[in-house]
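Chains as they are written, first to last, in the working numbering: chain R, 273 to 576; chain S, 273 to 576; chain W, 273 to 576; chain X, 273 to 576.
Ideal Cβ positions, reconstructed from N, Cα and C, are used throughout, including at glycine.
Have a look at the structure below before the remarks.
4 protein chains.
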Amino acid sequence: MDRQKNKNRILFAEARTDLALEAGERLQDDNAVPQGLRVETLQCEDADAVITRVHVESGEAARRMKKPMGTYITIEAPTLAGEDEGYHQTVSGLLSRQIRELLPGAERTELLVVGLGNRAVTADALGPKTIDHLAVNRHILPFYKEEMKKKPFTVLSAIEPGVMAKTGIETAQVVQSITRSLEPDAVLVLDSLAARSIHRLYTTIQISNTGIAPGSGVGNHRNAIDSQTLGVPVIAVGIPMVVDAATIVRDALNDGGRHPGEGAERKAAACLEELQNMYVTTKEIDEMTERLSFTLSEAINGLM
Amino acid sequence: MDRQKNKNRILFAEARTDLALEAGERLQDDNAVPQGLRVETLQCEDADAVITRVHVESGEAARRMKKPMGTYITIEAPTLAGEDEGYHQTVSGLLSRQIRELLPGAERTELLVVGLGNRAVTADALGPKTIDHLAVNRHILPFYKEEMKKKPFTVLSAIEPGVMAKTGIETAQVVQSITRSLEPDAVLVLDSLAARSIHRLYTTIQISNTGIAPGSGVGNHRNAIDSQTLGVPVIAVGIPMVVDAATIVRDALNDGGRHPGEGAERKAAACLEELQNMYVTTKEIDEMTERLSFTLSEAINGLM
Amino acid sequence: MDRQKNKNRILFAEARTDLALEAGERLQDDNAVPQGLRVETLQCEDADAVITRVHVESGEAARRMKKPMGTYITIEAPTLAGEDEGYHQTVSGLLSRQIRELLPGAERTELLVVGLGNRAVTADALGPKTIDHLAVNRHILPFYKEEMKKKPFTVLSAIEPGVMAKTGIETAQVVQSITRSLEPDAVLVLDSLAARSIHRLYTTIQISNTGIAPGSGVGNHRNAIDSQTLGVPVIAVGIPMVVDAATIVRDALNDGGRHPGEGAERKAAACLEELQNMYVTTKEIDEMTERLSFTLSEAINGLM
Amino acid sequence: MDRQKNKNRILFAEARTDLALEAGERLQDDNAVPQGLRVETLQCEDADAVITRVHVESGEAARRMKKPMGTYITIEAPTLAGEDEGYHQTVSGLLSRQIRELLPGAERTELLVVGLGNRAVTADALGPKTIDHLAVNRHILPFYKEEMKKKPFTVLSAIEPGVMAKTGIETAQVVQSITRSLEPDAVLVLDSLAARSIHRLYTTIQISNTGIAPGSGVGNHRNAIDSQTLGVPVIAVGIPMVVDAATIVRDALNDGGRHPGEGAERKAAACLEELQNMYVTTKEIDEMTERLSFTLSEAINGLM
């Protein structure tokens, strides 16, 4: 009984989001911003976009944010869900610059791009589909002129490691194997994310230098893919394609402004439990995955 | 202000479901079963399935159910979301028999199958994907032996009319044009449905003789596709692939057992409005659409 | 025996091509240009493209060309098989102008676009895939301002009729039904073509005002889709995606410059017979279908 | 000039086939069967299939066959291009047994399955599509009961390494990395093949213990994937999905029974050169790839 009560409390407390920005907003709403959490905001007027940097700089901040220490850059581009190609190009350029800032500043960078997720699951296909459009050049490097190799440029390779349910192998193990063999200067990991708020779907890009933590992303990769496990800097780029269904209901319940009575709580908790593994999205998700995979690939191709 | 209150009330009242079974359950829960609503239930022990027939026999019942008068047969097959091929074959057989009962009882039946929905939108692709697996035979009929033509059999043809946003043409107009030209004995319309309850996803099949009403289905066809508009009997077959997101939140709020205060109501109403055009589903939807399209096509091929 | 000889002769004689340009070249090679066959050529220097108009103006010319009387415009764009987006845009513009010239010159044109072929067969998918990218506007016409409706503009709708093996219905019957119901000013039919020569794959666009003749195209639509059967002008646009395998072998054999001996002829004829329903293409066909579907759709969207 | 002559000779001589069976037949036709080439044939009457084992047992045989030394098993199943599910199951069973014979005979076998080829190129997609249907179990092994682990069984994992043009990485390097990390007992490599003869398309399965040689398969993997490079036994399974276009023309020319004159030879050689990278196939290739991917996956799942 007490155990059930605890479980109910956990169900109500856990607002799942992959966005550091939303995790920070939640702490602000609760007047609970910890030391070591620092936020900078930059309005890009010409691009109709806002860039926010969330720096998680203490263990306490990381614990409260439920995110590893590091830098999380968010591009909020409200019309990214639209069809305007020019706007998508502008955002690709913005994204390209944000990625470059997190990359090691060498003259020449060998970058291994990893498209996480399951191509056969629409909500999880953003990573693999982005890989499809990359202009990889690692294999044609031997044919480059000597002069060209001297100037700063990016060498691209890409893999789609698949998901454990389909390969029988931990995604992290596949990525580690390839990384050890290729020895790139950095790894760029692409993933579909889950947001807390509906209006973030398709319109927010998160770039971080913390890699992918266990249990994050739509596909829930269990083992970390980060600089510690791979031995090179790992940059993660993701876009929210779904909202966790339980999170939406929880937020709606909390919007009532009072804690519900115990009977109501029990019923609501049952509802929340049933909602596990369910997500909320729109009928546009197939089209958005297609379109945003180009926005991401253009940004990465633009690194060269 | 009063207008907003009204709107809030409507938002709270409208539990959207394409399933007559759920609409009937709601009326029962509210102790509001009207005259002219009749329900029969049959347990198929050997198939681990329940067949329910909802007869909407009065205008009052139709108004309260928000469904046209007619017969709605529901096959509840709880393990249909699983991979057991034998079970899918059993359910295909059950479905085949239910469809046949609603078909005109002629010796030979020319049946035009219509796969409603948008192939490129996973949540709306069940109809078009089912069409892909049909063993159509109308075009090879001239090569059939005379003897064969005499015994009772089914002549199948199939079309995928597309969706208005992609064709610029009302779906109903496309279906009418083809129906007038082919003059089939009956039209069988396939569609993805929206349920009210999560546990109905992928596990319930609805067969009705009322056709498709405006605003129903995941794709929200605006004009009716029914026996009145087509001039021949129209049987509709559908499976819930999504739950309306607002419906889930509304049900969770109502589970609190009391009407919320006005402030809370306003907030919750805002949340419900934001949820319009959002749906709840699972990561399995791509795979389920693929698998259930075979379950449906096998049932239709089994009519021959 | 004589029958076999005849058959051999036919097998050697029939060089199958959907391109009037190639049919004309063959007659020129054989010094057999009939009266009523007139050819104009225009070099588009800025676009690196050649536009040729073949006018088939007599019954004799039609018989020898194995093509209906009418005008066949060919855009030869040698680098269309490449990735240069700017070049594809230029060719879309050229194509747009050629289509407009064949359209009835009214102030406002209602155009029904028909994507022929089978989406599930790569070699035959160009039509359906082009339809996917069209900016249809017929359904939003009621929301247009009065002023706009007065200036010359194009009203677009689109259908994908499917193929008979999948629908059980003659493609021509589906197109006729919809055309009768919509009453457009013209019908634009898109199709994958078969060329005689490999270097035409993906690089040649044919526009004609003769519609689609029985047996042409990759999908071999059996009944005519033309102005006579539809009652409105029919413009056909197609791109060669394959070469008939028998044609390639036949041409190689004929390149020997002598008629082979009877034994050799028999063997070669057996080989040609085995090659029926086989086609020659490249590994790039999937990618080319995707890319060229955008080149065609941009041209059609550019009519508005 | 002489160089051109040589090149012409090579063009005429090289009949490209991935099937050891066809390479052996060619040597037989030329009365040039070398020592160390041994062929056994077994008629499976109940399965309407012929199993042939070609043993390449000497360096001379390998050189003449243009195939590495080893065992090549061929299942010729003439109706495998058809839809009969029962027949496909029978052939899956036959294939399962042939694979098992080449596997190391341990009590428990960890098998890594590699789906070679490019999912986006129909002619090259058989490997990746087969991977999609595998019942991998390596990741759930920790949850198996102890008793079960003791009896002989197969542990399956699977990867899709992609193609170099899309990843920038040699396919062989990807496979090596994963193999080193997983340390399986054997690797099973799946690939689309090119045959010499049209009637082998979709109806012949080759199983060999020689791995994949450079330049073989539709995708032309340049580096070897074999027991020497991977350090464990490598079994390759493939089905011809295309015929090399130049091979067909060459065979047709040779069927003439005489060597052509020099002028004719020059023309024919030019034709053959133009045909490089072209292949011959049928409109059914998309459907066949889908269906045969299930036949292969059932055989592999049947190993467990």
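- Here Ala397/W is buried. Its C-beta has 16 or more other C-beta atoms within 10 Å.
- His405/S has no beta-bridge partner at all, per DSSP.
- Annotation for Thr324/S: the continuous beta strand (DSSP E) segment containing it runs Ala321 to Val328.
- Closer than 9 Å to the CB of His360/W there is not a single CB belonging to chain S.
- In this structure, Asn390/X lies away from Ala444/X, with their beta-carbon atoms at least 9 Å apart.
- Ile431/R has a beta carbon lying within less than 9 Å of a beta carbon in chain X.
- Per DSSP, the continuous beta strand (DSSP E) segment holding Met513/W begins and ends at Val506 to Asp516.
- For the options Arg563/X, Ser488/X and Val446/X, the alpha carbon positioned closest to that of Arg468/X is the one of Ser488/X.
- Around Ile403/X, the same chain offers Gly387, Ala430 and Glu432 as residues with beta carbons nearer than 6 Å, after the five sequence neighbours per side are excluded.
- Contacts with chain W at 9 Å (Cβ-Cβ) do not include Lys338/X.
- Annotated as proximal: Leu454/X and Glu382/X, with beta-carbon spacing under 9 Å.
- Beta-bridge partners of Leu428/X (DSSP): Leu383/X.
- In terms of beta-carbon proximity, Val552/R lines the interface with chain S, with at least one pair separated by less than 9 Å.
- Of the candidates Gln361/S, Ala292/S and Tyr344/S, Gln361/S places its Cα closest to the Cα of Asp318/S.
- Residue-level contact by beta carbon fails for Glu294/S and chain R, as no gap is shorter than 9 Å.
- Among the residues of chain R, none has a CB under 7 Å from the CB of Arg380/X; the nearest is roughly 15 Å distant.
- In the DSSP assignment, the residues bridged to Ile477/X are Ile347/X.
- Residue state for Asp290/X is assigned as coil, using DSSP reduced to three classes.
- Residue-level contact by beta carbon fails for Ile511/X and chain W, as no gap is shorter than 9 Å.
- Residue nearest to Ala295/W within the set Thr519/W, Val322/W, Leu406/W and Ser499/W is Thr519/W (criterion: CA-CA distance).
- Under a criterion of Cβ atoms nearer than 8 Å, the residues of chain X adjacent to Thr394/W are, in order, Thr394, Ile557 and Asp558.
- With three or more CB-CB distances shorter than 8 Å, the segment 329-349 of chain W counts as touching the segment 301-315 of chain W.
- In the displayed model, Val461/R falls within a strand according to three-state DSSP.
- Contact with chain R is absent for Asp404/S, since none of that chain's Cβ atoms lies less than 9 Å from the residue's Cβ.
- With 16 or more other Cβ atoms inside 10 Å of its own Cβ, Tyr474/W counts as buried.
- Here Leu314/X is exposed: its Cβ has fewer than 16 other Cβ atoms, across all protein chains shown, within 10 Å.
- When DSSP states are grouped into helix, strand and coil, Arg468/R belongs to the coil group.
- For the segment 455-489 of chain R, no residue has a beta-carbon sitting nearer than 9 Å to a beta-carbon of chain X.
- With contacts defined as CB atoms closer than 9 Å, Leu291/W and Arg472/W qualify as a contacting pair.
- Your pair Val447/S and Leu502/S checks out as a contact, with CB atoms roughly 7 Å apart and the cut at 8 Å.
- Within 7 Å of the CB of Glu546/W, the CB atoms of chain X belong to Ile470, in sequence order along the chain.
- Excluding the 5 residues flanking it on each side, Ile371/S has same chain C-beta neighbours closer than 8 Å at Leu460, Ile479, Ile507, Val509, Ala571, Ile572 and Leu575, in chain order.
- In chain order, Leu384, Val459, Leu502, Gly503 and Val504 place their CB closer than 8 Å to the CB of Thr451/R, counting only its own chain and leaving out the 5 sequence neighbours on each side.
- By the rule that beta-carbons nearer than 9 Å mark a contact, Met576/X does not touch chain R.
- In the structure shown, the three-state DSSP call for Met576/X is coil.
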